[in-house]
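Taking my numbering, I'd label the letters of the sequence shown as residues 6 to 147.
Input: a single structure, listed below in structure tokens.
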Amino acid sequence: MFSGGVLTKAEFRRILWIGFFIAPLVLLTIAARLAFLSYTHNERASDFLLDGQLENALHSYQWSIRNYFPGNPFVKHALDETLNAINGYHTKGKISEERTTLQNLRASLLSIRSFYQPYPHILQLVDEKLSRLPSNENPSNP
């Protein structure tokens, strides 16, 4: 099998062993980086909320969601806080802010899709809420 090839059997095995050790290290490094970024954006959003800057907090939560990987607990927190803000907009009757936040959340959820869609139930809820909102068009202005 390896006769006349570039790699000998021993070299091939050595490369495989190195790959078995390096690949998990790379994946762990990427996951740690994503978790750190997600945590940082959640903390920044909490600071914005304390200062009363809801729009900036929602922007930080969107970035936290975009740092998704399976098992990241900070993404779930960001989703919950974003949904709370959407419900707050709904109860206050701020339709345009609610629509913008729903569209941004939908875009963030779709951007983290890979071979499966994370949080499909939340994406379905967002789509349903968007479909129930009145249209942008103002019939009084032709």
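Ideal Cβ placement from N, Cα and C applies to all residues, glycine included.
{"Asked": "Rounded C-alpha distance that separates Arg104 from Lys97", "Found": "13 Å"}
{"Asked": "Closest Cα partner of His126 within the set Gln58, Lys81 and Glu48", "Found": "Lys81"}
{"Asked": "Rounded Cβ spacing between Asn47 and Ser69 (contact assumed at less than 8 Å)", "Found": "5 Å"}
{"Asked": "Thr13 classed as buried or exposed, judged by whether at least 16 other C-beta atoms fall within 10 angstroms", "Found": "exposed"}
{"Asked": "Whether Phe79 touches Tyr44 by CB criterion (7 Å)", "Found": "yes"}
{"Asked": "Whole runs of the alpha helix (DSSP H) within the stretch 72-127, excluding any shorter than 4 residues", "Found": "78-97 and 100-116"}
{"Asked": "Between the CA atoms of Gly76 and Gly24 - distance to the nearest angstrom", "Found": "24 Å"}
{"Asked": "Element boundaries [alpha helix (DSSP H), containing Leu21]", "Found": "Lys14 to Leu55"}
{"Asked": "Residues near Leu84 by beta carbon distance below 7 Å, same chain, minus five either side", "Found": "Ile70, Tyr124 and Ile127"}
{"Asked": "DSSP-derived helix/strand/coil call for Pro147", "Found": "At Pro147, the pLDDT of 44 sits below 50, so the modelled position is not reliable and the matter cannot be decided from this model."}
{"Asked": "Beta-carbon contacts of Arg49 that lie in its chain and below 6 Å, excluding the five residues immediately before and after", "Found": "Ser65"}
{"Asked": "Option in Gln67, Ser51 and Tyr73 with minimal Cα separation from Ile117", "Found": "Tyr73"}
{"Asked": "Lys134, buried or exposed, once every other Cβ within 10 Å from all chains shown has been counted against 16", "Found": "buried"}
{"Asked": "Buried versus exposed call for Pro147 [16 or more other C-beta atoms within 10 Å across all chains shown]", "Found": "With a pLDDT of 44 at Pro147, under the threshold of 50, the modelled position of that residue is not reliable, and the figure given next carries that caveat. Classification for Pro147: exposed."}
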